[in-house]
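Student:
Numbering (this note's numbering), first residue to last: 42 to 407.
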């Protein structure tokens, strides 16, 4: 009786954590796909070149993983096909533990994306979390033949419904934008403000003299001390955004973009851009030309590619370059639209939801 109670508590904890993790990532499968692409890049360089081929299926693989987390978590808690569920969870946690160990030990991917952008864990925190889950799932695996292998009909229907709903939510999130935006560039964020520390940064200076170690709040003027290291004491005050920048062949234009009213067309890659809704973007850009809203393009492509696109579409605007990782962080759509006012993110749109001219102007209306 005690053993069954302990096993049930483990099932609740493990299943609940998988459901929580899965639902956060179902909200943003594109973000999970981006994280998988980072791993595949690293593995292709460090382990075997064939891992690069998996980048082409990163998105469907991401959808499979996040939906599986939700469904397996529900199956574990409700007791549906427990032996198969425990086998599947064992394989999944082995995979996740390998990823997080590789990230932590080799310092390759510094954010595993275990909980999407909602909860950030360091690589070692992620690894420890997975080791704990690995131990708990190992207990379930050891006693898998003692677990009931079936559940009531209502539980089976709950699993089926959860599969359909989670898969449907993932598809909707891909075809639009995440339902909840946990990123640093979410609507309402002042990018100018987020690029500044929230408080003065405080450091401690570790110095040595004659084999003895000393710690100072101010760098000592006494030259007899030898510098060892500098420690930041209030990391929570660091800027939320540290890598936002746009430029072209004439120089840096970050400050200009973060002032006034800007309608920014963000493109992760021009060669991979979805062109199905460009006519709507054309119409929007043409309509706001006589308004105080200045349109522009920021793309993670060469300046020649950007200029060629502008010329082909007859867009009357300037084109700038940006970092691909930053653009992917800002916008889960290629292309996408971001409306700024003095650096404040007013609204973001997936290309499938390109706003009308009236809608854009209405967003800026007082």
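Even glycine gets a Cβ: it sits at the ideal position worked out from N, Cα and C.
CB residue 180 to CB residue 51, shorter than 8 Å?
Tutor: Here residue 180 refers to the residue found at position 139 of the chain shown. Here residue 51 refers to the residue found at position 10 of the chain shown. Yes, they are a contact pair.
Student: Can you check the region 167-232 for any alpha helix (DSSP H) of at least 4 residues that lies completely inside it and give the ranges in chain order?
Tutor: 194-216
Student: Report the rounded CA-to-CA distance for residue 263 versus residue 254, giving the unit in angstroms.
Tutor: Numbered from its first residue, the chain shown carries residue 263 at position 222. Numbered from its first residue, the chain shown carries residue 254 at position 213. One C-alpha to the other measures close to 14 Å.
Student: Run through the region 253-299 for me and flag every whole beta strand (DSSP E) of 3 or more residues, listed as ranges in chain order.
Tutor: Whole beta strand (DSSP E) segments, 3+ residues: 253-257, 267-273 and 287-289.
Student: One question on the structure: do residue 340 and residue 280 come within less than 8 Å of each other, judged by their Cβ atoms?
Tutor: Sequence index remark: in the chain shown, residue 340 carries index 299 (1-based). Sequence index remark: in the chain shown, residue 280 carries index 239 (1-based). It is not a contact, given that the beta carbons lie outside the stated cut-off.
Student: Exposed or buried, which one is residue 401 when buried takes at least 16 other CB atoms within 10 Å?
Tutor: Mapped onto the chain shown, residue 401 falls at position 360. Around the beta-carbon of residue 401, 16 or more other beta-carbon atoms lie within 10 Å, marking it buried.
Student: Which first and last residues belong to the alpha helix (DSSP H) in which residue 133 is found?
Tutor: On the chain shown, position 92 is the one that residue 133 refers to. First-last of the alpha helix (DSSP H) with residue 133: 123-147.
Student: Would you check if the distance between the CB atom of residue 177 and the CB atom of residue 49 is smaller than 8 Å?
Tutor: Taking the chain shown and counting its residues from 1, the one referred to as residue 177 is at position 136. Taking the chain shown and counting its residues from 1, the one referred to as residue 49 is at position 8. No.
Student: Name the residue from 232, 268 and 259 whose alpha carbon lies nearest to the alpha carbon of residue 249.
Tutor: Position 208 of the chain shown, counted from the first residue, corresponds to residue 249. Answer by Cα proximity: 268.
Student: Between 140, 138, 284 and 110, which lies nearest to residue 200 when the distance is taken from Cα to Cα?
Tutor: Taking the first residue of the chain shown as position 1, residue 200 is located at position 159. It is 110 whose Cα lies nearest to the Cα of residue 200.
Student: Taking DSSP as the reference, what is the three-state secondary structure of residue 302?
Tutor: Numbered from 1 along the chain shown, position 261 holds the residue referred to as residue 302. The answer is strand: DSSP assigns residue 302 an E or B state.
Student: Could you pull the DSSP bridge partners for residue 307 from this structure?
Tutor: Locating residue 307 in the chain shown gives position 266, where the first residue counts as 1. BP columns for residue 307 point to 339 and 377.
Student: With a threshold of 8 Å between beta carbons, is residue 99 in contact with chain D?
Tutor: Here chain D cannot be found, since the structure has a single protein chain.
Student: Whose C-beta lies closer than 8 Å to the C-beta of residue 275 among residues of the same chain, with five residues either side of it excluded?
Tutor: As a first step, residue 275 is located in the chain shown; it is residue number 234 there, counting from the start. Answer for residue 275: 240, 242 and 243, listed in chain order.
Student: Among 80, 90, 86 and 94, which has the Cα closest to the Cα of residue 136?
Tutor: Counted from its first residue, the chain shown places residue 136 at position 95. When only C-alpha atoms are compared, the closest one is 80.
Student: Just to check my reading of the structure: residue 285 and residue 347 have Cβ atoms closer than 8 Å, yes? What is that Cβ distance to the nearest angstrom?
Tutor: If you number the chain shown from 1, residue 285 lands on position 244. If you number the chain shown from 1, residue 347 lands on position 306. With a Cβ gap of about 18 Å, residue 285 and residue 347 do not count as contacting.
Student: Can you tell me which residues form a DSSP beta bridge with residue 245?
Tutor: Locating residue 245 in the chain shown gives position 204, where the first residue counts as 1. Note: residue 245 sits in a beta bridge opposite 272.
Student: Tell me the DSSP secondary structure of residue 358 in three-state form.
Tutor: The sequence position of residue 358 within the chain shown is 317, counting from 1. Here residue 358 sits in coil by DSSP.
Student: The alpha helix (DSSP H) with residue 84 in it runs from where to where?
Tutor: Reading the chain shown from its first residue, position 43 is the one you call residue 84. Here the alpha helix (DSSP H) through residue 84 covers 70-87.
Student: Classify residue 406 as buried or exposed, calling it buried when 16 or more other Cβ atoms lie within 10 Å of its own Cβ.
Tutor: The count along the chain shown starts at 1 and reaches residue 406 at position 365. Looking at its Cβ environment, which holds fewer than 16 other Cβ atoms inside 10 Å, residue 406 is exposed.
Student: If you count every other CB in all the chains shown that lies within 10 Å of the CB of residue 282, and 16 or more means buried, which is it?
Tutor: By 1-based counting over the chain shown, the position of residue 282 is 241. Label assigned to residue 282: buried.
Student: Tell me whether the region 60-69 and the region 207-214 touch, counting them as touching only if at least three CB pairs, one residue from each stretch, are closer than 8 Å.
Tutor: yes
Student: Between the region 287-295 and the region 308-326, can you find at least three pairs of beta-carbon atoms closer than 8 Å?
Tutor: no
Student: Let's test the definition: count the other Cβ atoms within 10 Å of the Cβ of residue 256 and tell me whether it reaches 16, buried, or not, exposed.
Tutor: One-based indexing of the chain shown puts residue 256 at position 215. The residue is exposed, with fewer than 16 neighbouring Cβ atoms inside 10 Å.
Student: How would you label residue 107, buried or exposed, when you count the other beta carbons within 10 angstroms and need 16 or more for buried?
Tutor: Residue numbering aside, residue 107 sits at position 66 when the chain shown is read from its first letter. Buried: at least 16 other Cβ atoms inside 10 Å.
Student: Under the three-state reduction of DSSP, which class applies to residue 313: helix, strand or coil?
Tutor: One-based indexing of the chain shown puts residue 313 at position 272. In the structure shown, the three-state DSSP call for residue 313 is coil.
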